[in-house]
Structure formats: C-alpha cells, structure tokens
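**Student:** The structure that follows is given in the form of structure tokens.
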Amino acid sequence: MVENGGHEVLTGTRSAEEWSSHARELVPLALNKAREVKGFPGRWKMIISKLEQIPSRLSDLSSHPCFSKNALCKEQLQSVSKTLKEAIELAEFCVGEKHEGKLRMQSNLDALSGKLDLNLRDCGLLIKTGVLGEATLPLAMAGSSTEPETAAHGNIRELLARLQIGHLEAKHKALDSLVEGMKEDEKNVLSVMGRSNIAALVQLLTATSPRIREKTVTVICSLAESGSCENWLVSEGVLPPLIRLVESGSAVGKEKATISLQRLSMSEEAARAIVGHGGVRPLIEICQTGDSVSQAASASTLKNISAVPEVRQTLAEEGIVKVMINLLDCGILLGSKEYAAECLQNLTASNDNLRRSVISEGGIRSLLAYLAGPLPQESAVGALRNLVGSVSMEVLVSLGFLPCVVHVLKSGSLGAQQAAASAICRVCSSTEMKKLIGEAGCIPLLVKMLEAKSNSAREVAAQAISSLMTLSHNCREVKRDDKCVPNLVQLLDPSPQNTAKKYAVCCLGLLCSSKKCKKLMVSYGAIGYLKKLTEMDIPGAKKLLERLERGKLRNFFTRK
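Start counting the sequence shown at 133; every next residue gets the next number (the working numbering).
Here it is as structure tokens:
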C-alpha cells in the first residue's frame, strides 16, 4: 500500500471503472459472509444494512460524467473496496470463532461499522456537494497543465475536496497543504472556495485534535479577513466554535479566533449572535489577560458589538465598562485604547444608566488623560461629549476639561474638533461656564472652524459660538476676530446643504450693534443672503435684514 494525499490506497494501475467493478464484486461476498455469522447479531445486523446501501452509492458514482477523470473518485472506490475486504475477513473470523476475546471483536466490529458510515457519507458528498465536478484533475495531471492558473485551481480544488471526505488524519494533511497554499497564493484559494468547503472547515473547528483546530482557525481567519466569505461562515455556524477557541484554545488559536470574530462582528446580525452564544465574557477576559494582538482584536470586537443598541445592557452586566476604562489607562497597543474609547462612545450614546456607570468608574478622568496625547481621537472626544452633560461644572473644571477641549480644537482631526464643539454646546448652560470657556481661548478656535469643509462641523461651531456670545465678554472676543464676520456671512448661504445658517443669523444679530460689524456684513453681501432667508422663514433673518437696511439707508443720507 502507498499513501496519496493522506488517503491510504492500494497499489496497482486499475482505472476508476475497474475499481468500481471490483467493489461491486465484493459486495455480495461480504453480504453472504455477514449473514452466516451467528454471534454479535445486533452489530452484524447494522453492518449488513450498511453493506446493502453500497451498490446504490456505487451506481451514483459511476453514472457521474466526471467519474473516470476524478482522482478523488478513484481513491474513494479503493477505500470502499478495502472496507469490504475487512468485512469479509471479520465475518470469516466470527463464523470460524477465531477471534481473540469478545471485547476485542466488538471493538473491531464497531470500527468496521464506522468505516462503512464514512464510506457511505463520502460517496454521498462526492455527488451531492459538487466535489466530484470541482476536482476533476488528478494532481499529476494538474501539475503538468500548460495553463498555470488551471493547474493551480485543480490542486486547490482537490485540497478543498479532501477536507470533506476521508478520515481525520487525511483531512489533517490536506489542511497542512491548504495552509501552505494560502501563504503562497491566497487569491487563488479564495477564487475556488465554495460553501461546502466552508462547511467542512467549520466542522474541523470542533475536531478533537488541537493541531487540526489551530490550523483550521488559521485558514478561517484568512477567509474572514478577506471579506469574501463572512455570510457563508456565519450561516455555516462558525461563531460558537470560534467562541470556544477564544475560551480554551492555544495561544495561536485564541489569537486567530479573536481576529476572526473581530471581522465577523462588523455585521450587526453576527454581533448579536456572538452575544447570544455567550461570546462577551471570553472576549472581556482576553481584554484583561491576552497578549497585545489578541487584546486589540477583542477590544475591537466588543466595540463592534457595542454599536448594536439592544445588546449594550448585556455588555454592561458582563462588566465591560470597567474593562474598557482600564484599557484606556493601560492598553498594550494604542489601537486597544482607541477601540476602548469608541466602545465607551457607543455605550454612552443614549443610555443614562450606562453614562452614570462610566462616570462612577472614573471614565471622564481616563478619557481626559487619553485625550492629552498628541493626536486626540474623535471617538474619545465623542465619549466625553456624551458624558459632560451628566456632571457638574465644578467636576469638569477640576478634572481639566477646558484645557483638554482647547487641545482638541488645536490638534485634533476635524471630527474630533466637531465633537469638542458639540461638548461645548452641552456645557454652556451657565454664565460661569460660558465665561470660563471664553477665557480658556476656545472662541478663536471655533471661529476658525467656521471655514471647515464639513457642513456639520461648521454648524456645530456656529452653534457653540452663538451660545457663548450671549455673554457680553465673549461677544467682544468674537468682534475682535477679523475672520468672524466674513465667515458668518458665508454661512448665510440659503442652500439646503448649509445647516449652519440659523446659527449664523443668531451670531450676526448679536454683532449688529457694532457699526464696524454692520458695515462688514453689508460689504460681504449679507443683505442679499438675508432676503432669501427671510423668504424661507429662518428665525431672526427678517429682523437682521431690517437693521442692516436701516443702517445702509442712514449712511446714504449722511453721505448726501
């Protein structure tokens, strides 16, 4: 005997047709011998019922158009023949009562029954799943093909097919080859991957061998990251075994399983399913004890899950708030901290109980400390914005909220600046706070934001400025900025995309008491904009227009 691709086969040069004929000849011999046995009646009755199913499976195989071309088909027929010979030999032993011990023979019969099950199953798979049509090139033929891509696809299809048939050790060897194949040319593997192959891989995730599980999850991780098989993976039940690997797999298995969940959890449906299958707790444990890569992947997965509103309370009950705050303080990688901040932003978006929980665990202090870095992240500012309305002005000031906001307005991305301006809007409820914000130096930075390309950024900056200008000291600060009036007049643009116009009207109305500002408004074309805004019933537009036109008329007569 020799081994070929993990399948033990018989030596010889028989064709597939000859192996089929040979197996058909062995079936009646095996049945006759089995029916002669008197001992172990229950086991032999089951074996006989399985032997009786073999002819129909052989007919199914031999009638397939790819029957004679397929290396796997030939190997399967060899395996069936070998099992039939074992059945004949065992029956002869039992008839002659030559077996050594009852328990040993029972074990041999159970093994034979298992091999027959495997043969019947694999013959069915070759037909039903399309494997027989997919792997039509024997390895030797594929290797000698004049078309390199055809040869490569033939080899890959055969490897993928071998994951579905044969015994576990054969699948293990095919898996080794597949891992190597993906390292060399992942694109080619993905191009021939089918749903049945995905199902076979998912089944191997629950194999008893830790080595097989580890190699399988390595392949699945690559499939998940490729972005081409997520739906198949989830629908074929990959989530529960991945979660079990996160709980109790090897270091490599945990890392690959967590990275797979990170990618799959980008789908809301998969995120909910991870929670439903008990995946939150093991992910939280990885955040606390895992290595840098696993920790970051786990934090990202939990961040993805926290984007689904209905599961946030479940996350909180598993202790996610404290873990995310700890990651903000002590995360191994910067990425872990960013994911933690985004998770806290999601958790505090609309749930007062979760906001209180984050505040009581010291979340504001941790967010402010994280934001003190050179590149303040939008998600952390967003989380801070969600929280500031739930604490007193004194607490915010004592924790360093104002220097942090100034730092973000100076150094953050436009998204971070926008979140900071939104936070300012939320805390402008008292005269004292407005005064402190103005004294901190926020106003010139907000005025500069009025020039942003983003409509939403301009809107929130104009809103923050209009709130601050109700304090006379802040209004004078705005007047001193040469760019303020021109920027605000530009925001009177009546187009629907410009959502800042109502706040621009409010700000210009507060500046209208200054002759200098009125002249600037007129010179930059405010009257033309305001006439259109008056027709649109924008609050304050008509009054501001009248004031500007009165001033313009008075100036005309004064010159005369």
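Backbone N, C-alpha and C fix where the C-beta goes; we use that ideal spot for every residue, glycine too.
What whole-angstrom Cβ distance do Pro187 and Val159 have, given they're in contact under 8 Å?
**Tutor:** Start at 1 with the first residue of the sequence shown, and residue 187 comes out as number 55. Start at 1 with the first residue of the sequence shown, and residue 159 comes out as number 27. Correct: roughly 6 Å between the Cβ atoms.
**Student:** Given this structure, state the Cα-to-Cα distance separating Gln238 from Val407, to the nearest angstrom.
**Tutor:** For the purposes of this step, residue 238 is identified with residue 106 of the sequence shown, where counting begins at 1. For the purposes of this step, residue 407 is identified with residue 275 of the sequence shown, where counting begins at 1. If you take the alpha carbons of Gln238 and Val407, they lie about 44 Å apart.
**Student:** In angstroms, rounded to a whole number, what distance separates the CA positions of Ser147 and Val425?
**Tutor:** Position 15 of the sequence shown, counted from the first residue, corresponds to residue 147. Position 293 of the sequence shown, counted from the first residue, corresponds to residue 425. Computed Cα separation, rounded: 51 Å.
**Student:** In whole angstroms, what is the alpha-carbon distance linking Gln81 and Ile344?
**Tutor:** Nothing in the structure corresponds to residue 81, since the chain is present only between 133 and 692.
**Student:** DSSP three-state label for Leu662, please.
**Tutor:** For the purposes of this step, residue 662 is identified with residue 530 of the sequence shown, where counting begins at 1. Helix at Leu662.
**Student:** Is it right to say Ser380 is buried, meaning 16 or more other beta carbons lie within 10 angstroms of its own, or is it exposed?
**Tutor:** Stepping through the sequence shown from its first residue, residue 380 is reached at position 248. Under this definition Ser380 is an exposed residue.
**Student:** Applying the 10 Å Cβ sphere with the 16-neighbour rule, what's the burial state of Gly422?
**Tutor:** Walking along the sequence shown from the start, residue 422 turns up at place 290. Gly422 should be labelled buried.
**Student:** With distances taken from CA atoms, which of Ser511, Ala584 and Ala501 is nearest Leu531?
**Tutor:** Position 399 of the sequence shown, counting from 1, holds the residue named residue 531. Nearest option by C-alpha distance: Ala501.
**Student:** So, for Gln595: in the same chain, excluding its five sequence neighbours on each side, which residues have a beta-carbon less than 6 Å away from its beta-carbon?
**Tutor:** Numbered from its first residue, the sequence shown carries residue 595 at position 463. Closer than 6 Å at the Cβ level, and outside the excluded window around Gln595, lie Cys557 and Tyr635.
**Student:** Where are the alpha helix (DSSP H) runs, 4 residues long or more, that stay fully inside the segment 299-368, in chain order?
**Tutor:** As far as the segment 299-368 is concerned, its whole alpha helix (DSSP H) runs of at least 4 residues are 300-324, 327-336, 342-358 and 362-367.
**Student:** Between which two residues does the alpha helix (DSSP H) containing Tyr656 stretch?
**Tutor:** Translated into positions along the sequence shown, residue 656 becomes position 524. Counting along the chain, Tyr656 falls outside any alpha helix (DSSP H), and DSSP gives it neither H nor E.
**Student:** Using a Cβ-Cβ cutoff of less than 7 Å, which residues in the same chain neighbour Gln629 once the five nearest sequence positions on both sides are dropped?
**Tutor:** Here residue 629 refers to the residue found at position 497 of the sequence shown. Excluding sequence neighbours, Gln629 sits near Asn587.
**Student:** Going along the chain, which residues of its own chain have a beta-carbon closer than 8 Å to the beta-carbon of Ser543, five neighbours each way excluded?
**Tutor:** As a working mapping, residue 543 is identified with position 411 in the sequence shown. Here the set comprises Pro506, Leu507 and Pro508.
**Student:** Smallest Cα separation from Thr480: which of Lys435, Cys649, Leu216 and Thr340?
**Tutor:** In the sequence shown, residue 480 corresponds to position 348, counting from 1. Closest by alpha carbon: Lys435.
**Student:** By alpha-carbon positions, which one of Gly298, Arg175 and Val324 ends up nearest to Leu235?
**Tutor:** Taking the sequence shown and counting its residues from 1, one reaches residue 235 at position 103. Ranking the options by Cα distance to Leu235, first place goes to Arg175.
**Student:** Considering Cα atoms alone, identify which of Pro626, Ser554 and Lys615 is closest to Ser599.
**Tutor:** As a first step, residue 599 is located in the sequence shown; it is residue number 467 there, counting from the start. The candidate whose alpha carbon is nearest that of Ser599 is Ser554.
**Student:** Can you tell me where the alpha helix (DSSP H) with Ile575 in it begins and where it stops?
**Tutor:** Here residue 575 refers to the residue found at position 443 when the sequence shown is read from its first residue. That run of the alpha helix (DSSP H) goes Cys574 to Met581.
**Student:** Determine whether the beta carbon atoms of Leu209 and Leu244 lie at a separation below 8 Å.
**Tutor:** As a working mapping, residue 209 is identified with position 77 in the sequence shown. As a working mapping, residue 244 is identified with position 112 in the sequence shown. Not a contact, by the Cβ cut-off of 8 Å.
**Student:** Helix or strand or just coil, what does DSSP make of Asn606?
**Tutor:** As a first step, residue 606 must be located in the sequence shown, where it is residue number 474. Note: Asn606 maps to helix in three-state DSSP.
**Student:** According to DSSP, is Glu184 helix, strand or coil?
**Tutor:** Start at 1 with the first residue of the sequence shown, and residue 184 comes out as number 52. In the structure shown, Glu184 sits in coil (DSSP, three-state: anything other than H, G, I, E or B).
**Student:** For Asn164, count the other beta carbons within 10 Å of its own beta carbon; 16 or more makes it buried, fewer makes it exposed. Which is it?
**Tutor:** Residue numbering aside, residue 164 sits at position 32 when the sequence shown is read from its first letter. Exposed: under 16 other Cβ atoms inside 10 Å.
**Student:** Here's the rule: buried if 16 or more other CB atoms are within 10 angstroms of the residue's CB, otherwise exposed. What is Glu346?
**Tutor:** In the sequence shown, the residue the question calls residue 346 occupies position 214. The residue in question, Glu346, is buried, as its Cβ has 16 or more Cβ neighbours within 10 Å.
**Student:** Less than 7 Å between C-beta atoms, sequence neighbours within five positions excluded: which residues of the same chain meet that for Leu519?
**Tutor:** Sequence index remark: in the sequence shown, residue 519 carries index 387 (1-based). Same-chain partners within the cutoff: Thr480, Arg487, Val490, Ile491, Gly495 and Ile496.
**Student:** Tell me whether Gly399 sits in a helix, a strand or coil according to DSSP, three-state version.
**Tutor:** Indexing the sequence shown from 1 puts residue 399 at position 267. Strictly speaking, residue 399 in this sequence is Ser, with Gly absent from that position. Reduced to three states, the DSSP call for Ser399 is coil.
**Student:** At the level of alpha carbons, what is the spacing between Ala751 and Leu640?
**Tutor:** Residue coverage of the chain in this structure runs from 133 to 692, which leaves residue 751 outside it and unanswerable.
**Student:** Let me know the secondary structure DSSP gives Glu290 once reduced to three states.
**Tutor:** The count along the sequence shown starts at 1 and reaches residue 290 at position 158. In the structure shown, Glu290 sits in a helix (DSSP, three-state: H, G or I).
**Student:** Ends of the alpha helix (DSSP H) at Ala515?
**Tutor:** Looking up residue 515 in the sequence shown gives position 383. Taken as a continuous stretch (DSSP letters only), the alpha helix (DSSP H) holding Ala515 covers Glu510 to Val520.
**Student:** Tell me the DSSP secondary structure of Asp669 in three-state form.
**Tutor:** In the sequence shown, counting from the first residue as 1, residue 669 sits at position 537. If DSSP states are grouped into helix, strand and coil, Asp669 belongs with coil.
**Student:** Going by the CB atoms, is the gap between Met314 and Leu292 shorter than 8 Å?
**Tutor:** If you number the sequence shown from 1, residue 292 lands on position 160. If you number the sequence shown from 1, residue 314 lands on position 182. Cβ atoms of Leu292 and Met314: not closer than 8 Å.
**Student:** Provide the residue span of the alpha helix (DSSP H) that contains Phe225, from first to last.
**Tutor:** The residue given as residue 225 occupies position 93 in the sequence shown. From DSSP, the alpha helix (DSSP H) with Phe225 extends over Ala203 to Val227.
**Student:** Does the Cβ of Arg289 have 16 or more other Cβ atoms within 10 Å, making it buried, or fewer, making it exposed?
**Tutor:** Start at 1 with the first residue of the sequence shown, and residue 289 comes out as number 157. Result: buried.
**Student:** For Val579, which residues in the same chain have their Cβ closer than 8 Å to its Cβ, ignoring the five residues on either side in sequence?
**Tutor:** Within the sequence shown, residue 579 is the residue found at index 447, counting from 1. Here the set comprises Ala593, Ile597, Val610, Asp613, Lys615, Cys616 and Asn619.
**Student:** Determine the extent of the alpha helix (DSSP H) in which Gly495 is found, giving its start and end residues.
**Tutor:** As a first step, residue 495 must be located in the sequence shown, where it is residue number 363. Residues Gly495 to Leu503.
**Student:** If you reduce the DSSP assignment to three classes, tell me which class Cys560 lands in.
**Tutor:** Working through the sequence shown from its first residue, we reach residue 560 at position 428. Cys560: coil per DSSP, three-state reduction.
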